[in-house]
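> Residue numbers (this note's numbering): 12 to 501. All residues carry an ideal CB built from backbone N, CA and C; glycine is no exception.
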Amino acid sequence: GISDQIESRLHDSSSSSNGVLPAPDDTATGGDPPAPVPTQPQKAPQRQESKRVPFKKYQVSKKKQQTYGLTDAELRQNPELKESLASFERFMTKTSYGQLEPPIRKATAEVYIRVVKLALGWLKNHRDVPLQSLSLSHIFSNETRQAAHIAFDYVEFLREENGASNKYRANIVRSLIKLAKFMFQDTAKMMESGRSSASSDDKPYHSLEIIRELRKWHQSFSKDAKGESRSSDERKKWLPWPKYLECVKKLMEECLQTETDAGKPRTPFAIAKSYQTFLILAILACVPDRQRTIRELEIGKTLVKQDDETSECGYKWIIKHGPENYKTGKAYGDRPPMEIQNYIYPYLEDYINDHRHHLLKSPKDEDHKFLFVTSKGDPATAETIYSTVARSTYRLTGQRTNPHLLRDSIVTYLRSTDASEKQLEALALYMGHSLQMQKQSYDRRTKLEKVAPAVQLLHSINSGAADEDDSNRDKTDDQSLGSGVAQAGG
12 GISDQIESRL HDSSSSSNGV LPAPDDTATG GDPPAPVPTQ PQKAPQRQES
62 KRVPFKKYQV SKKKQQTYGL TDAELRQNPE LKESLASFER FMTKTSYGQL
112 EPPIRKATAE VYIRVVKLAL GWLKNHRDVP LQSLSLSHIF SNETRQAAHI
162 AFDYVEFLRE ENGASNKYRA NIVRSLIKLA KFMFQDTAKM MESGRSSASS
212 DDKPYHSLEI IRELRKWHQS FSKDAKGESR SSDERKKWLP WPKYLECVKK
262 LMEECLQTET DAGKPRTPFA IAKSYQTFLI LAILACVPDR QRTIRELEIG
312 KTLVKQDDET SECGYKWIIK HGPENYKTGK AYGDRPPMEI QNYIYPYLED
362 YINDHRHHLL KSPKDEDHKF LFVTSKGDPA TAETIYSTVA RSTYRLTGQR
412 TNPHLLRDSI VTYLRSTDAS EKQLEALALY MGHSLQMQKQ SYDRRTKLEK
462 VAPAVQLLHS INSGAADEDD SNRDKTDDQS LGSGVAQAGG
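Structure below.
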């Protein structure tokens, strides 16, 4: 499998003289998994003194971001607006009679709602719209082109005050397009049902002026986004793949610590948190997928223990995905089973059986089977996974990376090795995207790094040709000298 190929390649690289630690998998060459519990109590290693900026103050964006979004507490003070957002979510995720577009996934709908709450918070905090009277109509008052002026001001605010990139603004506009579809769906249905000569390639809702206007913005921002510099300082977030594997190994060791720095017993909650943190980063190491995959792992549904006669333990843990379980499911259908490496099994099983329940706050939390949870015991959110990865890598390396950058990291690492095109294509399929997408979006090598093999090849060819030419010249000189000696002797 591709995960075995990746692990083998990483294991090979770790034996070189560059000092890189191997992946924390002693079973890759047939060894036994590490014991899940220590035979003797282990103290937490003394942390090195660090002058790092506290995590919350460590800024990775090139321009400091302003906080302005509408909070849940504020939303509870405006029940009518709260219900409007709930209706917006139903519009996006539920099937209804006469709808012009199919429903979207709940995870995508949540992103759109989050953007709308940002716009509402901007109206409250920067346009002084009173919270009690705040409504969706403050964003779009009607379906005409002129009614897009508030949205335009908001998008310009993002650029001028927050330094938002064109890519980010394109994503914001896409969310606002979905909001406009919701708000003016009845008008769109009436207008489009009355068009007898509508061409087959007309997009839904294109009869609305405001939709056409917003789509032009989206197209313009998307076009300008190509080739623009990133809005955050990548040097503060980028973590080479071998360094990430070092983090995973250290987190595995932290699971076995039963005492604090002061020699006191660690609480069951703290140990359970260590297990959850390790498992999140370890599973991302062998299944470098989107954070949604990790967040939505559900015991017995997407996380499955499957019989396997080829395995030494007689089974394997896999992640099962149908088209509805991942972002590009419509394009690629059912995914191949994503295998969790067997060095993780003891920790995974101990976490499920002995530790996970310490993270659940109330009996109602037992109702869900999601593997990872929030600090309140609810199913993990995108923020749970993002924060766990960012905080752990920052604490251990000083680099505040994130789950999506890990996908870039593994692709960049493997493309800098002698991995074959066939292996890279297999990795792309395993990660749920195309080989072209792998090259365009995930490979972070510089142009200099990309052309380095060609430079080396040319130097090698030229050196070989020069050596061959020198050798031929020496032979010619020897022959000439031999001929001259013979003539002189004659």
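(1) Less than 8 Å between the CB atoms is what I'm expecting for residue 118 and residue 100, so what's the real figure, rounded?
(2) In whole angstroms, give me the CA-to-CA distance for residue 384 and residue 395.
(3) Consult DSSP for residue 294 and reduce its assignment to one of helix, strand or coil.
(4) Which residue from 78, 167, 219 and 196 puts its Cα closest to that of residue 157?
(5) What residues match up with residue 349 in a beta bridge as DSSP calls it?
(6) On the three-state DSSP scale, how would you describe residue 502?
(7) Can you check the stretch 180 to 231 for any alpha helix (DSSP H) of at least 4 residues that lies completely inside it and give the ranges in chain order?
(8) Cβ atoms of residue 291 and residue 268: under 9 Å apart, would you say?
(9) Below 8 Å, is the gap between the Cβ of residue 417 and the nearest heavy atom of the ligand ATP?
(10) Does DSSP put residue 151 in a helix, a strand or coil?
(11) Classify residue 160: buried if its beta carbon has 16 or more other beta carbons within 10 angstroms, exposed otherwise.
(12) Three or more C-beta pairs closer than 8 Å, one from the stretch 307 to 318 and one from the stretch 404 to 422: is that the case here?
(13) One question on the structure: do residue 81 and residue 145 come within less than 9 Å of each other, judged by their Cβ atoms?
(14) Taking only the alpha-carbon atoms, compute the straight-line gap between residue 174 and residue 166 and give it to the nearest angstrom.
(15) Alpha carbon to alpha carbon, how far is residue 315 from residue 246?
(16) Considering only residues of the same chain and omitting the five flanking positions on each side of residue 103, which have a CB-CB separation below 6 Å?
(17) Would you give the residue range spanned by the alpha helix (DSSP H) that residue 94 belongs to?
(18) Return the chain-ordered ranges of every alpha helix (DSSP H) run that is complete within the stretch 398 to 432 and spans a minimum of 4 residues.
(19) Got a sec, what are the start and stop residues for the alpha helix (DSSP H) residue 168 sits in?
(20) So what does residue 310 bridge to, in DSSP terms?
(21) What's the call for residue 299, buried or exposed, on a 16-neighbour Cβ count within 10 Å?
(22) Keeping to the same chain, check which residues put their C-beta closer than 6 Å to that of residue 390; ignore five residues upstream and five downstream.
(23) Which value, in whole angstroms, describes the spacing of the CA atoms of residue 277 and residue 136?
(24) With C-beta atoms as the reference, is residue 363 less than 9 Å away from residue 327?
(25) Would you kindly report the start and end of the unbroken alpha helix (DSSP H) that includes residue 119?
(26) May I have the straight-line CA-CA distance separating residue 393 from residue 303, to the nearest angstrom?
(27) If you check the beta carbons only, do residue 288 and residue 320 fall under 9 Å apart?
(28) Considering only the beta carbon of each residue, do residue 236 and residue 181 sit closer than 9 Å?
(29) Please check the pair residue 79 and residue 133, which I expect to be a contact at CB under 8 Å, by giving their CB distance rounded to whole angstroms.
(30) When you compare only the Cα positions, how much space is there between residue 301 and residue 130?
(31) Looking only at its own chain, which residues have a Cβ that is under 7 Å from the Cβ of residue 216, when we skip the five neighbours before and after it?
(32) Please list, in chain order, all residues of the same chain as residue 311 whose beta carbon is under 8 Å from its beta carbon, the five residues on each side excluded.
(33) With burial defined as no fewer than 16 other Cβ atoms inside 10 Å of the residue's Cβ, what is the status of residue 280: buried or exposed?
(34) Roughly how many angstroms lie between the CA atoms of residue 147 and residue 422, to the nearest whole one?
(35) In its own chain, which residues sit with a C-beta less than 6 Å from the C-beta of residue 285, not counting the 5 before and 5 after it?
(36) Just mark residue 420 as buried or exposed, buried being the case when its beta carbon has 16 or more other beta carbons within 10 Å.
Reading it off the structure:
(1) Walking along the sequence shown from the start, residue 118 turns up at place 107. Walking along the sequence shown from the start, residue 100 turns up at place 89. Not really, about 12 Å apart at Cβ, beyond 8 Å.
(2) As a first step, residue 384 must be located in the sequence shown, where it is residue number 373. As a first step, residue 395 must be located in the sequence shown, where it is residue number 384. Cα-Cα distance, rounded: 8 Å.
(3) Reading the sequence shown from its first residue, position 283 is the one you call residue 294. Here residue 294 sits in helix by DSSP.
(4) The count along the sequence shown starts at 1 and reaches residue 157 at position 146. Taking each of 78, 167, 219 and 196 in turn and checking the Cα distance to residue 157, the smallest one comes out for 219.
(5) Here residue 349 corresponds to residue number 338 of the sequence shown, with the count starting at 1. Bridge partners of residue 349: 330.
(6) Here the chain has residues from 12 to 501 only, and residue 502 is not among them.
(7) 196 to 204
(8) For this step, residue 268 is matched to residue 257 along the sequence shown. For this step, residue 291 is matched to residue 280 along the sequence shown. No.
(9) The ligand ATP is absent from the structure shown, which contains no ligand whatsoever.
(10) Here residue 151 refers to the residue found at position 140 of the sequence shown. Residue 151 falls in the coil class under three-state DSSP.
(11) Taking the sequence shown and counting its residues from 1, one reaches residue 160 at position 149. Counting Cβ neighbours within 10 Å, residue 160 comes out exposed, since fewer than 16 surround it.
(12) These segments do not touch.
(13) Here the question's residue 81 lines up with position 70 in the sequence shown. Here the question's residue 145 lines up with position 134 in the sequence shown. Yes, Cβ-Cβ distance for residue 81 and residue 145 is below 9 Å.
(14) In the sequence shown, residue 174 corresponds to position 163, counting from 1. In the sequence shown, residue 166 corresponds to position 155, counting from 1. Cα to Cα, residue 174 sits roughly 11 Å from residue 166.
(15) To locate residue 315, count along the sequence shown from 1; it is residue 304. To locate residue 246, count along the sequence shown from 1; it is residue 235. Spanning the two alpha carbons is a distance of roughly 37 Å.
(16) Taking the sequence shown and counting its residues from 1, the one referred to as residue 103 is at position 92. Excluding residues within five positions, the ones whose Cβ falls inside 6 Å are 115 and 120.
(17) In the sequence shown, the residue the question calls residue 94 occupies position 83. Taken as a continuous stretch (DSSP letters only), the alpha helix (DSSP H) holding residue 94 covers 90 to 104.
(18) 414 to 426
(19) Translated into the one-based positions of the sequence shown, residue 168 becomes position 157. That run of the alpha helix (DSSP H) goes 160 to 173.
(20) Looking up residue 310 in the sequence shown gives position 299. BP columns for residue 310 point to 314.
(21) The residue labelled residue 299 in the question sits at position 288 within the sequence shown. By the neighbour-count rule (16 or more Cβ atoms within 10 Å), residue 299 is buried.
(22) The residue given as residue 390 occupies position 379 in the sequence shown. Hits under 6 Å: 379 and 381.
(23) Along the sequence shown, read from residue 1 onward, the residue named residue 277 stands at position 266. Along the sequence shown, read from residue 1 onward, the residue named residue 136 stands at position 125. Going by the C-alpha atoms only, they are around 44 Å apart.
(24) Here residue 363 refers to the residue found at position 352 when the sequence shown is read from its first residue. Here residue 327 refers to the residue found at position 316 when the sequence shown is read from its first residue. Their beta carbons are not under 9 Å apart, which means residue 363 does not touch residue 327 by this criterion.
(25) Position 108 of the sequence shown, counting from 1, holds the residue named residue 119. It spans 117 to 137 - the alpha helix (DSSP H) in which residue 119 sits, taken as one unbroken run.
(26) Translated into positions along the sequence shown, residue 393 becomes position 382. Translated into positions along the sequence shown, residue 303 becomes position 292. Rounded to whole angstroms, residue 393 to residue 303 spans 7 Å at the Cα level.
(27) Position 277 of the sequence shown, counted from the start, is the residue given in the question as residue 288. Position 309 of the sequence shown, counted from the start, is the residue given in the question as residue 320. Taking 9 Å as the cut-off, the Cβ atoms of residue 288 and residue 320 do not count as close.
(28) Against the sequence shown, residue 236 aligns to sequence position 225. Against the sequence shown, residue 181 aligns to sequence position 170. The answer is yes: Cβ separation under 9 Å.
(29) Start at 1 with the first residue of the sequence shown, and residue 79 comes out as number 68. Start at 1 with the first residue of the sequence shown, and residue 133 comes out as number 122. Contact holds; Cβ gap of about 5 Å.
(30) What you label residue 301 is simply residue 290 of the sequence shown in a count that begins at 1. What you label residue 130 is simply residue 119 of the sequence shown in a count that begins at 1. Computed Cα separation, rounded: 26 Å.
(31) Here residue 216 corresponds to residue number 205 of the sequence shown, with the count starting at 1. Only 111, 192, 199 and 222 meet the Cβ criterion.
(32) Translated into positions along the sequence shown, residue 311 becomes position 300. So the qualifying residues of the chain are 380.
(33) Along the sequence shown, one-based indexing puts residue 280 at 269. Exposed, because fewer than 16 other Cβ atoms sit within 10 Å of the Cβ of residue 280.
(34) One-based indexing of the sequence shown puts residue 147 at position 136. One-based indexing of the sequence shown puts residue 422 at position 411. Approximately 42 Å between the Cα atoms of the pair.
(35) Here residue 285 corresponds to residue number 274 of the sequence shown, with the count starting at 1. Around residue 285: 265 and 266.
(36) To locate residue 420, count along the sequence shown from 1; it is residue 409. Buried, since its Cβ has 16 or more Cβ neighbours within 10 Å.
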